[in-house]
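Colleague: In the UniProt record's numbering, the protein residues as written are 1 to 605.
Positions of the beta carbon are idealized from the N, C-alpha and C atoms, including for glycine.
1. Do three or more CB pairs link the region 157-171 to the region 198-212 at distances below 8 angstroms?
2. Does the beta-carbon of residue 307 have 16 or more other beta-carbons within 10 angstroms, so that it is buried, or is it exposed?
3. Any idea which residues DSSP pairs residue 289 with across the strands?
4. Taking buried to mean at least 16 other C-beta atoms within 10 Å of its own C-beta, is residue 526 buried or exposed?
5. In this structure, what does DSSP give as the bridge partners for residue 606?
6. Could you give the DSSP three-state label for residue 250: helix, strand or coil?
7. Going by beta carbon distance, what residues of the same chain come within less than 6 angstroms of residue 193, once the five residues before and after it are set aside?
8. Quick check on the DSSP output: what are the complete alpha helix (DSSP H) runs of length 4 or more inside the region 333-394, in order along the chain?
9. Give the DSSP-derived three-state secondary structure of residue 422 in the structure shown.
10. Quick test of the definition: if touching needs 3 or more C-beta pairs under 8 angstroms, does the region 208-219 touch the region 234-244?
11. Give the straight-line distance between the Cα atoms of residue 124 and residue 383, rounded to the nearest whole angstrom.
12. Between residue 53 and residue 404, what straight-line distance do the alpha-carbon atoms span, to the nearest angstrom?
13. What would DSSP say about residue 109, mapped onto helix, strand or coil?
14. Quick one: what's got a C-beta closer than 8 angstroms to residue 332's C-beta in the same chain, skipping five residues either side?
15. Tell me the DSSP secondary structure of residue 178 in three-state form.
16. Any idea what DSSP makes of residue 92, helix, strand or coil?
17. Report the option in 128, 430, 360 and 120 whose CA atom is closest to the CA atom of residue 370.
18. What's the C-alpha gap between residue 264 and residue 280?
19. Could you name the residues that DSSP lists as bridge partners for residue 239?
20. Please classify residue 320 as buried or exposed, where buried requires at least 16 neighbouring CB atoms within 10 angstroms.
21. Between residue 1 and residue 364, what straight-line distance do the alpha-carbon atoms span, to the nearest angstrom?
22. What are the boundary residues of the beta strand (DSSP E) that includes residue 315?
23. Considering only the alpha carbon of each residue, which of 424, 49, 425 and 335 lies closest to residue 213?
24. Within the same chain, show all residues whose beta-carbon is closer than 6 angstroms to that of residue 517, passing over the 5 residues directly before and after it, in chain order.
25. Nearest to residue 156 by alpha carbon, out of 138, 136, 118 and 349?
26. By Cβ distance, which residues of its chain are closer than 8 angstroms to residue 159, with the 5 residues on each side in sequence left out?
27. Can you find the residues in the same chain that come closer than 6 angstroms, C-beta to C-beta, to residue 413, ignoring five residues on each side of it along the sequence?
28. For residue 121, which residues from the same chain have a beta carbon less than 7 angstroms from its beta carbon, with the 5 sequence-adjacent residues on both sides left out?
29. Just the Cα atoms here: how many angstroms apart are residue 100 and residue 258?
30. Where does residue 205 fall in DSSP's three states?
31. In the DSSP assignment, the beta strand (DSSP E) including residue 413 goes from what residue to what residue?
32. Could you work out which residue in 177, 260, 380 and 95 is closest to residue 323 when comparing CA atoms only?
33. Hey, residue 407 and residue 435 are a contact pair by Cβ (cut 8 angstroms); roughly how many whole angstroms apart?
34. Please return the same chain residues whose Cβ sits closer than 6 angstroms to the Cβ of residue 358, not counting the five positions on each side in sequence.
35. Taking the C-alpha atoms as reference points, what is the distance between residue 136 and residue 290?
36. Consult DSSP for residue 432 and reduce its assignment to one of helix, strand or coil.
Right, dumping it as structure tokens:
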């Protein structure tokens, strides 16, 4: 499946309009197109559903998943949970991609309150393995400056020569020349576009009528009092005039789509506007300021204009403040303005390079599994397996933290072997919230039930019941494996060096503590993935083979341990012990015991 990630270069480039047009272009090519907005960015005052997602649903009939809330995203970023955030987004991405040939993903727009948008867009594009299309809107700048600004944004995603960075779409181009002439002139001034690696995928001219809001939208955004609704659901505001001049100088300005702003006591302007409306001029409306309502006799004279559909609004602010508020109106497409959304969609789609985009969707490409997708798939498999993991030394802070995370995310059903009051105290001291369902078993209360199974599992070791009853949660964990009381091996940070008299068994493989979280090994059956290490003296050849295999197994977990000063120190200490005949590192013949040395190295790791 092809994924296009639409990234803005700045605020106000018309990102949603480009997304609507791009989806329409790909649908016309016969492709099954989906849309996904990972993170909602509501405009101040928006109370309904996310704008881009809802417009896509109403315009194209799609059902995109609900995006993540901005407050939730900022909280996760502030807590350093970027990986978890990406996994949530990938989960929504998988839902949006079901049954689709191509998916259009709309990135975040950089604003004053979301200066981190560019960094989030970079992580999203790489995690989704998406092709990046930049969207820019030329301001009053020369073509060389525009090219430099686009190239700077392209560098964030790997540079213009990166095969994943396809090109740029220019929106709201204000020029009197045709788009073909403008595109040719832009390529002449831009080495970036002449290279062929970075393409100009669309050039959309500016059209004021496409940005014209309905008079009803103006009334809602200003919080105006509606004196006469008229046709304010259909009429659109394309221009604003503030009438402070005489009627004679105002009459030439009364044209279709004009919103007339005047104080409520200017009876002459009100009458002139009413006459224009009666004569058939479809004005956008009459906006009265200064919280002044015309005399009822004037309103009676204007009844014919009101019946002709002239909208009349009133606000409490003065003309100057009202004009400032009108200039700051939100230019985004309202959710319920289906007509405007359709017009913009068709207009943008008609100016995109549809042929090249269709060809790109059919180009074979190498699929890459990003770290975020790998973690997501791994967690999904773990949740589907629903394994029960028993963790000895359950009062260790890192073990408790790992168990809490795994239990809360449904990775495994965790069991802590420790006294419940100790676990509660440690969790409270370290600020760890224990999720519901986390099982805590006191080893003192359950030890006796595992004595007989433990002796039965390894009769050749001659443990004896006294040895089996010795404190050590991992020993009873091993016995529980043979009785199918768990489905995974739990690691422990203290390892076996605390109990050197207890040898390794078939059911136990020394765990490694990662320093942050434990490593849980899920196995299909107890003892299926472990190897027996013989303790009797062996020939030099057998001993060398076992040593090499042991080092190879350890190096696959900790590659750097077998080289450097740590290994030299370990070998020197081991040699001194062998020569002196001290400790459990020497056997009766004075030769090295490979099983014990392997256990020692695992403990050191």
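Modeller: So, to answer that:
1. Contact between the region 157-171 and the region 198-212 is present, because at least three Cβ pairs lie under 8 angstroms.
2. Counting Cβ neighbours within 10 Å, residue 307 comes out exposed, since fewer than 16 surround it.
3. Paired residue(s): 263.
4. Since pLDDT at residue 526 reaches only 33, below the 50 mark, its modelled position is unreliable, and no value is offered.
5. Lying outside 1 to 605, the shown extent of the chain, residue 606 is not represented and no answer is given.
6. The DSSP-derived three-state label of residue 250 is helix.
7. Excluding sequence neighbours, residue 193 sits near 187 and 200.
8. Within the region 333-394, the alpha helix (DSSP H) runs of at least 4 residues that lie entirely inside it are, in chain order, 338-349, 354-361 and 371-385.
9. Per DSSP, reduced to three states, the secondary structure at residue 422 is helical.
10. Two segments are said to touch when three or more pairs of C-beta atoms, one from each, lie closer than 8 angstroms; by this definition the region 208-219 touches the region 234-244.
11. Their Cα atoms are separated by approximately 24 angstroms.
12. A straight line joining the alpha-carbon of residue 53 with that of residue 404 spans about 35 angstroms.
13. Secondary structure of residue 109 (DSSP, three-state): coil.
14. Residues of the same chain with a CB within less than 8 angstroms of the CB of residue 332, apart from the 5 flanking positions on each side, are 16, 43 and 51 in chain order.
15. In the three-state reduction of the DSSP assignment, residue 178 falls in the coil class, being assigned neither a helical nor a strand state.
16. Under the three-state reduction of DSSP output, residue 92 falls in the helix class.
17. Among 128, 430, 360 and 120, the Cα nearest to that of residue 370 belongs to 128.
18. About 23 angstroms.
19. Beta-bridge pairing links residue 239 to 258.
20. By the Cβ-count criterion, residue 320 is exposed, with fewer than 16 other Cβ atoms from all chains shown falling within 10 Å of its own Cβ.
21. Taking the straight line joining both Cα atoms gives about 10 angstroms.
22. Residue 315 -> no beta strand (DSSP E), and no H or E assigned at all.
23. The candidate whose alpha carbon is nearest that of residue 213 is 335.
24. Bear in mind that a pLDDT of 35 at residue 517, under 50, signals an unreliable position, so the model cannot answer this.
25. Among 138, 136, 118 and 349, the Cα nearest to that of residue 156 is on 118.
26. Excluding positions up to five away in sequence, the list reads 165.
27. Closer than 6 angstroms at Cβ, skipping near neighbours: 388.
28. Apart from sequence neighbours up to five positions away, the residues of its chain that approach residue 121 with a beta-carbon distance below 7 angstroms are 7, 107 and 108, ordered along the chain.
29. If I take the Cα positions, the gap works out to 44 angstroms.
30. Residue state, collapsed to three classes: strand.
31. Per DSSP, the continuous beta strand (DSSP E) segment holding residue 413 begins and ends at 413-417.
32. Comparing alpha carbon positions, the residue from 177, 260, 380 and 95 closest to residue 323 is 260.
33. So it is a contact: roughly 5 angstroms between Cβ atoms.
34. Taking residue 358 as the centre and dropping the five residues before and after it, the same chain places the C-beta of 29 closer than 6 angstroms to its C-beta, in chain order.
35. If I take the Cα positions, the gap works out to 39 angstroms.
36. Three-state DSSP puts residue 432 in coil, outside helix and strand.
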